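Residue numbers (our numbering), protein chains in the order written: chain V, 1 to 186; chain D, 1 to 156.
Step one of this worksheet: look at the structure below.
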């Protein structure tokens with residue numbers, strides 16, 4: 001049963017991705033990217049990664065879509081048609097994709113208990129986190145306590161990104177206002 | 001969107017449950033899925049909904065820049081501050097065991113504060129970015145005060 005759900009979800013994701021490439025209307029593309037995020041959130045639920053699914057649904061399907069829409073409101077709704085076929089770009093993409101697929105051949109099978117990732121620190125988290133850290137949700141123990149440094153780094157990244165966007169947009173606004181005062185030129 | 005009374009009423013109805021749910025996700029992260037990241041985003045969604053319906057001018061009255069901009073840093077400082085406090089109490093950086101007499105209570109307190117820091121930063125950054133985008137569009141268009149994002153016809 002789970003395999004059927006997997007196949008249906010992945011098929012929908014492929015269809016959405018192809019539609020996003022083919023469409024020229026950017027409004028539709030943004031909506032489809034929200035749907036893609038929602039599908040991958042469903043995929044994470046099937047994989048029992050509810051915390052990740054939650055984040056994907058809230059950030060990917062929610063906030064990103066809204067931010068893309070507000071960007072569209074400032075720019076254009078239609079993608080300009082490609083003037084010519086770019087063969088070197090196609091070559092680079094094909095070679096990179098083939099290399100990545102070749103790389104996955106060496107990876108352990110999905111859900112393999114002997115995979116290195118299940119042999120390293122994961123057993124300690126599963127066995128010891130209830131009495132070492134406490135929270136019943138092991139993901140919280142790992143994120144906030146065992147991997148506290150990483151989460152601090154992630155928070156700093158979000159802070160930096162926010163400051164960057166604010167500085168960029170504030171700079172543009174100020175320049176535009178100065179232009180307007182100087183001679184009413186856009 | 002001033003004339004859409006259904007949208008306005010529904011927004012007013014939906015905002016408190018959204019914010020309450022965000023707080024639930026924030027403080028229930030120890031027991032179920034969720035945590036600071038998700039809670040911050042959901043809390044920001046309430047403000048984004050408000051902005052979409054009531055316009056950026058009124059949204060800036062609710063969440064003025066003098067509140068959102070400093071709060072982006074406050075969250076990170078709270079997180080890093082927990083680490084500094086644990087250093088001062090004789091532990092390692094971000095070692096929550098020393099925060100209380102019982103290591104379990106210390107861990108609980110540490111995780112709570114750290115997740116709160118994440119939530120504050122994520123909320124403030126999301127609201128700031130969105131209002132920066134929307135405010136830029138509003139400045140171009142003198143009567144963009146009430147329409148914000150998507151006009152009714154919805155397509156190009």
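Even glycine gets a Cβ: it sits at the ideal position worked out from N, Cα and C.
Keep in mind the model is a prediction, meaning the values are calculated, not measured.
Setting aside the 5 residues that flank it on each side, residue 69 of chain V is surrounded in the same chain by 30, each with a C-beta closer than 7 Å to its C-beta; the list follows chain order. Beyond the five residues adjoining it in sequence on each side, residue 123 of chain D comes within less than 6 Å, by CB distance, of 40, 43 and 44 in the same chain, given in chain order. In terms of beta-carbon proximity, residue 100 of chain D stays away from the interface with chain V, with every pair separated by 9 Å or more. Taking every protein chain shown into account, the CB of residue 115 of chain D has 16 or more other CB atoms within 10 angstroms, so this residue is buried. Chain-ordered listing is empty here: chain D has no CB closer than 8 Å to the CB of residue 179 of chain V, the nearest sitting near 12 Å. Taking 9 Å as the CB threshold, residue 40 of chain V stays off the interface with chain D. At a cut-off of 9 Å between C-beta atoms, residue 134 of chain V counts as an interface residue with respect to chain D. One alpha carbon belongs to residue 175 of chain V, the other to residue 129 of chain D, and they sit about 19 Å apart. DSSP places residue 78 of chain V within a strand segment (E or B) once states are collapsed to three.
Using a Cβ-Cβ cut-off of 7 Å, residue 59 of chain V is close to 41 of chain D, given in chain order. Here residue 31 of chain D is not near residue 130 of chain V, since their CB atoms are 9 Å or more apart.
Of the residues V:44, V:39, V:79 and V:71, the one whose Cα lies closest to the Cα of residue 61 of chain V is V:39. Residue 70 of chain D: member of the alpha helix (DSSP H) spanning 65-88, first to last residue. Residue 99 of chain D sits close to residue 86 of chain D, with the two beta carbons spaced by under 9 Å. Considering only beta carbons, the part of the region 126-159 of chain V lying closer than 9 Å to chain D consists of 131, 132, 133, 134, 135, 136, 137, 139, 140, 141, 143, 144, 145, 148, 149, 151, 152, 154, 155, 156, 158 and 159, in chain order. Interface criterion not met: the Cβ of residue 6 of chain D is under 9 Å from no Cβ in chain V.
With a cutoff of 9 Å on beta-carbon distance, residue 19 of chain V and residue 41 of chain V are scored as not near each other.
In the assembly as shown, residue 38 of chain D is a buried residue. Its beta-carbon has 16 or more other beta-carbons within 10 Å.
Distances from the alpha-carbon of residue 80 of chain V to those of V:49, V:23, V:11 and V:172 put V:23 closest. Between residue 59 of chain D and residue 51 of chain D, the CB-CB gap stays under 9 Å. Bridge pairing for residue 25 of chain V: V:78 [DSSP].
Contact of residue 126 of chain D with chain V is assigned, a C-beta pair being separated by under 9 Å.
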